[in-house]
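Here's the structure we're looking at; comments come further down.
This is the structure:
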């Protein structure tokens, strides 16, 4: 994702670029931000949609 974000930022001549990718299978999200000061990435996991783990729901 970071390579695609770099390309999009360069192509649009933007100062900042922000990308988010969500994987429903692994229940994770990857985030990336590119600014003039550098690049940051972060990955989080989550428990899924509300009510997904409730018995009888």
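In our numbering, the protein residues as written are -4 to 52.
For each residue, glycine too, the CB sits at the ideal point set by N, CA and C.
Here the structure is a predicted model, which is why all the values come from computation and not from measurement.
Can you grab the Cα-Cα spacing for the pair residue 29 / residue 39, in whole Å?
For the purposes of this step, residue 29 is taken as residue 34 along the chain shown, with counting starting at 1. For the purposes of this step, residue 39 is taken as residue 44 along the chain shown, with counting starting at 1. Put simply, the backbone Cα of residue 29 is about 18 angstroms away from that of residue 39.
Which value, in whole angstroms, describes the spacing of the CA atoms of residue 1 and residue 33?
As a first step, residue 1 is located in the chain shown; it is residue number 6 there, counting from the start. As a first step, residue 33 is located in the chain shown; it is residue number 38 there, counting from the start. Going from the Cα of residue 1 to the Cα of residue 33 covers about 11 angstroms.
Reduced DSSP secondary structure (H/G/I, E/B, other) of residue 1
Mapped onto the chain shown, residue 1 falls at position 6. Looking at residue 1 - three-state DSSP - the assignment turns out to be helix.
Residue 8: which of 27, 17, 42 and 31 sits nearest, CA to CA?
As a working note, residue 8 is residue 13 in the chain shown. Answer by Cα proximity: 31.
How should residue -1 be labelled, buried or exposed, when 16 other C-beta atoms within 10 angstroms of its C-beta is the threshold for buried?
Here residue -1 refers to the residue found at position 4 of the chain shown. Counting Cβ neighbours within 10 Å, residue -1 comes out exposed, since fewer than 16 surround it.
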